[in-house]
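Shown next, in C-alpha cells, is the structure this report addresses.
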Amino acid sequence: MIFVVCGTQKFALNRLLKAVDDLVAAGKIQEEVFVQKGHSDYPLKHCKSADFLDVAVFDSKIKDCSLLITHGGIGTILAGKKFSKPIIVFPRLERYGEHVDDHQRQIAKEFSSRELVMMCEDTAELENCILRCREHRFKNISQEERGRDLEEYINRFIDTMVLKKR
Numbered sequence: 021m022i023f024v025v026c027g028t029q030k031f032a033l034n035r036l037l038k039a040v041d042d043l044v045a046a047g048k049i050q051e052e053v054f055v056q057k058g059h060s061d062y063p064l065k066h067c068k069s070a071d072f073l074d075v076a077v078f079d080s081k082i083k084d085c086s087l088l089i090t091h092g093g094i095g096t097i098l099a100g101k102k103f104s105k106p107i108i109v110f111p112r113l114e115r116y117g118e119h120v121d122d123h124q125r126q127i128a129k130e131f132s133s134r135e136l137v138m139m140c141e142d143t144a145e146l147e148n149c150i151l152r153c154r155e156h157r158f159k160n161i162s163q164e165e166r167g168r169d170l171e172e173y174i175n176r177f178i179d180t181m182v183l184k185k186r
C-alpha cells in the first residue's frame, strides 16, 4: 500500500492528490493507495482516503506501507524514517497557495541532500520518482543523529526565518 499524507495544515494539497489519482486511473500505480487528505478537497475517485487519522491508525499505515508520499512535514518524514520506508517528499509551495512560504521546500531539500528522502515538486515527475524510489537505497538516521541533527536543523531554520523577517 502507498500511503499519501497531506498533514493537518489548514492548506490544501490538491495538486498532489490529483496527480496520484490520475496515476492510479491510468494504471501507472497498481498498488492500493490510501490518502490522509487533511484539508485538501480534491474528490479522489481511485484511492481510499480519510481527512484525518488518529495516531495509532496513522502509525499503523506508515508501518504497513511500501512507500510514503508526504508533504514537507518533519514529523511525518521522521515517522517514515523510523520504519525505514522509502519516502517521497512533495512539499507545499507558496506559488500554488499551498502555504504562506516555501519552508516545506527547504525541509525537503535538507532531507534530500542527506539522501534520506527523494524530493518531488512537479506532478509531471511523480511517476518517475515513484519508480526511482523503489530502487533507491536511502540512508537511515541513527538515534543520536535524529535528536542532534533535527534540533540543529530546526534551530538553523528558525534563525533563517527570523533574519528574513527583519
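Throughout, the numbering used here is defined as the position within the sequence shown, counted from one, plus 20.
Built from N, CA and C at the ideal position, the CB exists for glycine as well.
Reduced DSSP secondary structure (H/G/I, E/B, other) of residue i
i    : result
S132 : helix
V77  : helix
A32  : coil
I49  : coil
V40  : helix
R186 : Unreliable placement is indicated for R186, whose pLDDT of 45 sits below 50; no coordinate value is reported for it.
Boundaries of the alpha helix (DSSP H) in which residue i is found, first to last residue
i    : result
L98  : 94–102
C149 : 146–155
Close-in-space but distant-in-sequence residues of the same chain around residue i (CB under 7 Å, 5 per side omitted)
i    : result
G93  : G27
S104 : N160
R152 : M138
Y116 : R35
Delimiting residues of the beta strand (DSSP E) encompassing residue i
i    : result
L64  : Note, L64: premise wrong, no beta strand (DSSP E); not H, not E.
L88  : 87–90
I161 : No beta strand (DSSP E) contains I161, which DSSP labels as neither H nor E.
I107 : 107–109
F72  : Run containing F72: none; DSSP gives neither H nor E here.
V24  : 22–25
Beta-carbon proximity check, residue i vs residue j, cutoff 7 Å
i    : j    : result
I107 : V75  : no
V55  : V24  : yes
I97  : F131 : yes
H66  : D41  : yes
F31  : E118 : yes
Y62  : L37  : yes
Other residues of its chain near residue i: CB distance less than 6 Å, five sequence neighbours each side excluded
i    : result
L146 : A39, C140
K68  : F54
P111 : G92, Q124, R125, A128
K48  : E147
D121 : E114
A99  : I82
Q29  : none
Cβ neighbours of residue i in the same chain (closer than 8 Å, five flanking residues each side left out)
i   : result
M21 : E51, E52, V53, F54, K81, D84, C85, S86
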